[in-house]
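Novice:
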Amino acid sequence: MARHPQKRIRNQLPPEDNTEHNDQPTVDSNNEPEDEESTSSSAAPMGPDSTDEQRLGNATYASYELPILSNQLDKFIAWKCKICLKHTNQPAYDLSCSNLLSHVARCGAKHQKASGHKSLASLGISGTGIAVMRCMEKLCEDLKMHERALYLGVDAWQSPNGFDIVGASQRSSHNRVSKAKLEAMLLDFVQLKERHTGEYLARMVEYIVEKFGIENQICGIVSDNAANNGTMIAELEKLDWKRFKGKPQWIRCFAHVLNLIVKVDLRPFARYKTTAAGAAELDDSDDDNKEGDLIERFHEEDKNSDLDDDEEENGDVQGTADAELAKDDELTVADLEDLEDEAEADAYTSDLCRRSLAKFRRIATKLQKSLNSKKRFIEICVESQCKKPHNIERDVPTRWNSTYLQLSSIVRCKDARDKQFGGPHNNHVQQEDFDLAANLVQVLQPFYKLTLQLSTKGSARVAEVVVMIDQITAGLSAVIANEEERYPPALQNACHAGLHITNKYYSLTDCSPIYQIAMVLHPSFTDEYFKLAKWPKEWIEEAIDLTGEMFNK
């Protein structure tokens, strides 16, 4: 019964309105036009006898497609805008065009502001796959026209959803009006479906390079120090690319080298699990660290990669904690003999260092999981006038810099010590614990600053690698020499192990002329740094000759 009045209302629309607004497109109940000519007639200019209101309505409807019945509102008609492709709902009985006119005005203004941008659909691109192909074609053309050297960055990792991926990026120099500019671009990602051997990685890199046609422009490859990357470089050398000559043009990621050195420095103080016999060996792990342990074990599996240099270094320095020290020109024989034994009278020993770091981790865990302890800790920090932030950072097993941040926060908030944060008596923080934290902060701070510099876009330079190694060598050597007798043997042994790894990678820079050439070309260094570093004269002359040879090529 209630439906009949509604139908009568729709049929009782004044007929004179339809005649007055004869320029409005006819709405069909099936959402389709009865006549194709209606679209052109609605947008066509009207005769000279038409009124201004009729001309305005005609121009308004020309900005819309044919109307359809709205699916959102009952008794409404939806007009689809040709500019923004959005629908404007209007009552079926409302024949005015003011609402449509205001939308066209707003939409047109927005379109004019963004006139410099075009949609993919306007260019005939119906999917992103077509866009990728067109961009790749244009990129290949630009790379072929590039006459300068290209350097390739290669890295492999596992995505959060479990896919193994190798990525490659290129870095090159482009001439501008007044100066040259370094530019970097990501080339491609390739999913790895086999074991990460050096031969397989070489095939994937070869695929990416030949895909873009830049095999004769590659002058160097940057990667980390994994052993399978060394095999990859050797395999790529066999391809006889025009400019790439193998290991002399392999640039080792120095951020990875820093990571190796710090890991070796901290290895004597590494965490270990509690034994069933007693509480002497503290178990500082918690539920949050289990995921990190799983990640470390995952990377050790043979199915993911060959033997990494991380494992090689840890194996090499296994005996360094027992005072099996390598020879170094900056250390005397007397210094080496003084480092052999640790005494109970020392400020701290390797075992005490492990206990101290375990205490710090337990405090950080308690502050994170107990709001009351966190609140009390902040109150004590405020009363003791400790510097902000009033917090103890967490130590994540997979990131060495988190160890430095935790130790720094311990030193910063050392005046806020309280027994309730240590738990059992053997976990209470003593003065020797703070002494260890202060000494480790002093040792790790240069590594932290250098890592930040290398991780900042545009601040990492090959010419600065040798300078950074010299800074690290000087810092570790000062701790080992211990002229002021500030450091116990435990810390000296740890630093000597790190110095052993530093010297190894310092010697590897001699195998690549890129480091020496970069320093000669650096306006702040040239050959003066070599003289200040007391390089032999023949080494300096060789670096200058290598620079001339590369320039002539």
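Quick note on this note's numbering: the sequence shown kicks off at 1 and runs consecutively.
Heads up, the beta-carbon is just placed ideally off N, CA and C, and yes, glycines get one too.
Count the other CB atoms within 10 Å of the CB of methionine 232; is the residue buried (16 or more) or exposed (fewer)?
Specialist: Position 232 of the sequence shown, counted from the first residue, corresponds to residue 232. Under this definition methionine 232 is a buried residue.
Novice: Going by DSSP, what residue range makes up the beta strand (DSSP E) through isoleucine 83?
Specialist: In the sequence shown, counting from the first residue as 1, residue 83 sits at position 83. Isoleucine 83 -> no beta strand (DSSP E), and no H or E assigned at all.
Novice: Give me whichever residues DSSP pairs with leucine 189 in a beta bridge.
Specialist: The sequence position of residue 189 within the sequence shown is 189, counting from 1. Per the sequence shown, the amino acid found at residue 189 is phenylalanine instead of leucine. Phenylalanine 189 is bridged to Gly167.
Novice: Looking only at C-alpha atoms, which of Val154, Ile251, Glu147 sits nearest to tyrosine 515?
Specialist: Stepping through the sequence shown from its first residue, residue 515 is reached at position 515. Among Val154, Ile251, Glu147, the Cα nearest to that of tyrosine 515 belongs to Ile251.
Novice: Determine, using beta-carbon pairs with one atom in the stretch 227-243 and one in the stretch 198-207, whether at least three such pairs fall under 8 Å.
Specialist: Output reads yes: the stretch 198-207 touches the stretch 227-243.
Novice: Using a Cβ-Cβ cut-off of 8 Å (strictly less than) and excluding sequence neighbours within five positions of leucine 367, which residues of its own chain qualify?
Specialist: To locate residue 367, count along the sequence shown from 1; it is residue 367. Cβ within range, chain order: Ser373, Lys374, Phe377, Asn391, Ile392, Phe421.
Novice: Which one of Leu407, Val396, Ile380 has the shortest CA to CA distance from cysteine 353?
Specialist: On the sequence shown, position 353 is the one that residue 353 refers to. Among Leu407, Val396, Ile380, the Cα nearest to that of cysteine 353 is on Leu407.
Novice: Assuming tyrosine 207 is part of the alpha helix (DSSP H), what are its boundary residues?
Specialist: In the sequence shown, residue 207 corresponds to position 207, counting from 1. Here the alpha helix (DSSP H) through tyrosine 207 covers 198-212.
Novice: Alpha carbons only, please: which of Asn225, Ala227, Glu215, Ala255 is nearest the one belonging to leucine 560?
Specialist: The chain is shown only over 1 to 553; residue 560 falls outside these bounds and no answer can be derived.
Novice: Would you be able to state if there are at least three C-beta pairs under 8 Å between the stretch 520-530 and the stretch 541-551?
Specialist: Judged by Cβ distances under 8 Å, the stretch 541-551 makes contact with the stretch 520-530, as three or more pairs qualify.
Novice: DSSP three-state label for alanine 533, please.
Specialist: The count along the sequence shown starts at 1 and reaches residue 533 at position 533. If DSSP states are grouped into helix, strand and coil, alanine 533 belongs with coil.
Novice: By Cβ distance below 7 Å, which residues in the same chain neighbour alanine 577 in space, the five residues on each side in sequence not counted?
Specialist: Because the chain here runs from 1 to 553, residue 577 falls outside it and cannot be looked at.
Novice: Nearest to valine 429 by CA position, among Thr197, Ser409, Lys504, Lys414, is which residue?
Specialist: For the purposes of this step, residue 429 is taken as the residue at position 429 of the sequence shown. Minimum Cα distance to valine 429 is reached at Lys414.
Novice: Looking at the unbroken beta strand (DSSP E) that takes in cysteine 97, where does it start and where does it end?
Specialist: Translated into positions along the sequence shown, residue 97 becomes position 97. Run containing cysteine 97: none; DSSP gives neither H nor E here.
Novice: Apart from the five residues on each side of it in sequence, which residues of its chain come closer than 7 Å, Cβ to Cβ, to asparagine 401?
Specialist: The residue labelled residue 401 in the question sits at position 401 within the sequence shown. Cβ within range, chain order: Tyr448, Thr451.
Novice: Tell me whether serine 512 sits in a helix, a strand or coil according to DSSP, three-state version.
Specialist: Reading the sequence shown from its first residue, position 512 is the one you call residue 512. Three-state result, serine 512: coil.
Novice: Going by DSSP in three states, phenylalanine 525 sits in which element: helix, strand or coil?
Specialist: Indexing the sequence shown from 1 puts residue 525 at position 525. Residue state, collapsed to three classes: coil.
Novice: At what residue ranges does the stretch 349-420 contain a whole run of the alpha helix (DSSP H), taking only runs of 4 or more?
Specialist: List check, alpha helix (DSSP H) in window: 350-369, 371-383, 400-412.
Novice: Is asparagine 161 closer than 8 Å to histidine 196 when the C-beta atoms are compared?
Specialist: Position 196 of the sequence shown, counted from the first residue, corresponds to residue 196. Position 161 of the sequence shown, counted from the first residue, corresponds to residue 161. It is not a contact, given that the beta carbons lie outside the stated cut-off.
Novice: So, at 7 Å on beta carbons, what are the nonlocal neighbours of lysine 144 in its own chain, with the 5 sequence-adjacent residues on each side left out?
Specialist: Numbered from its first residue, the sequence shown carries residue 144 at position 144. Result list for lysine 144: Gly213, in chain order.
Novice: Please state if the CB of asparagine 225 and the CB of valine 257 are separated by a distance shorter than 8 Å.
Specialist: Taking the first residue of the sequence shown as position 1, residue 257 is located at position 257. Taking the first residue of the sequence shown as position 1, residue 225 is located at position 225. Yes. Within cutoff.
Novice: Going by Cα to Cα distance, which pick from Trp535, Ala490, Ile208, Leu192 is closest to aspartate 435?
Specialist: As a working note, residue 435 is residue 435 in the sequence shown. Out of Trp535, Ala490, Ile208, Leu192, Ala490 has the C-alpha closest to the C-alpha of aspartate 435.
Novice: Are tyrosine 64 and leucine 100 touching if we call contact CB-CB under 8 Å?
Specialist: As a working mapping, residue 64 is identified with position 64 in the sequence shown. As a working mapping, residue 100 is identified with position 100 in the sequence shown. Taking 8 Å as the Cβ cut-off, tyrosine 64 and leucine 100 qualify as a contacting pair.
Novice: On the three-pair Cβ rule with 8 Å, is the stretch 525-540 touching the stretch 491-507?
Specialist: Short answer: they don't touch.
Novice: Spatial neighbours of aspartate 306 within its chain, please: C-beta separation below 8 Å, excluding the five flanking residues on both sides.
Specialist: Walking along the sequence shown from the start, residue 306 turns up at place 306. Since pLDDT at aspartate 306 reaches only 41, below the 50 mark, its modelled position is unreliable, and no value is offered.
Novice: For cysteine 253, which three-state DSSP category applies?
Specialist: Start at 1 with the first residue of the sequence shown, and residue 253 comes out as number 253. Of the three classes helix, strand and coil, the one that applies to cysteine 253 here is coil, per DSSP.
Novice: My output table needs one value for proline 91: the three-state DSSP class, helix, strand or coil.
Specialist: The residue you call residue 91 lines up with position 91 of the sequence shown. The answer is strand: DSSP assigns proline 91 an E or B state.
Novice: For tyrosine 151, does the three-state DSSP call read helix, strand or coil?
Specialist: As a first step, residue 151 must be located in the sequence shown, where it is residue number 151. Of the three classes helix, strand and coil, the one that applies to tyrosine 151 here is strand, per DSSP.
Novice: Just curious, the beta strand (DSSP E) that serine 223 is in, first and last residue?
Specialist: Taking the first residue of the sequence shown as 1, we reach residue 223 at position 223. Here the beta strand (DSSP E) through serine 223 covers 218-223.
Novice: From serine 223 to valine 462, what distance separates their C-alpha atoms?
Specialist: Here residue 223 is taken as the residue at index 223 of the sequence shown, counted from 1. Here residue 462 is taken as the residue at index 462 of the sequence shown, counted from 1. Roughly 13 Å separates the two Cα atoms.
Novice: Whole angstroms are fine: how far does the CA of alanine 168 sit from the CA of leucine 192?
Specialist: Numbered from its first residue, the sequence shown carries residue 192 at position 192. Numbered from its first residue, the sequence shown carries residue 168 at position 168. For leucine 192 and alanine 168, the distance between alpha carbons rounds to 13 Å.
Novice: To the nearest angstrom, report how far apart glutamine 445 and serine 512 are at their CA atoms.
Specialist: Along the sequence shown, one-based indexing puts residue 445 at 445. Along the sequence shown, one-based indexing puts residue 512 at 512. Those two C-alpha atoms are separated by around 28 Å.
Novice: Going by CA-CA distance only, name the one from Gln442, Asn552, Asp188 that's closest to aspartate 155.
Specialist: Along the sequence shown, one-based indexing puts residue 155 at 155. Among Gln442, Asn552, Asp188, the Cα nearest to that of aspartate 155 is on Asp188.
Novice: In the structure shown, what three-state DSSP assignment does alanine 460 receive?
Specialist: Sequence index remark: in the sequence shown, residue 460 carries index 460 (1-based). DSSP places alanine 460 in coil when its eight states are reduced to three.
Novice: Helix, strand or coil for leucine 239? Go by DSSP, reduced to three states.
Specialist: Counted from its first residue, the sequence shown places residue 239 at position 239. It is coil, neither helix nor strand.
Novice: Label glutamate 464 either buried or exposed according to how many other C-beta atoms from any shown protein chain fall within 10 Å of its C-beta, with 16 as the threshold for buried.
Specialist: Taking the sequence shown and counting its residues from 1, the one referred to as residue 464 is at position 464. Glutamate 464 is buried by the Cβ-count criterion.
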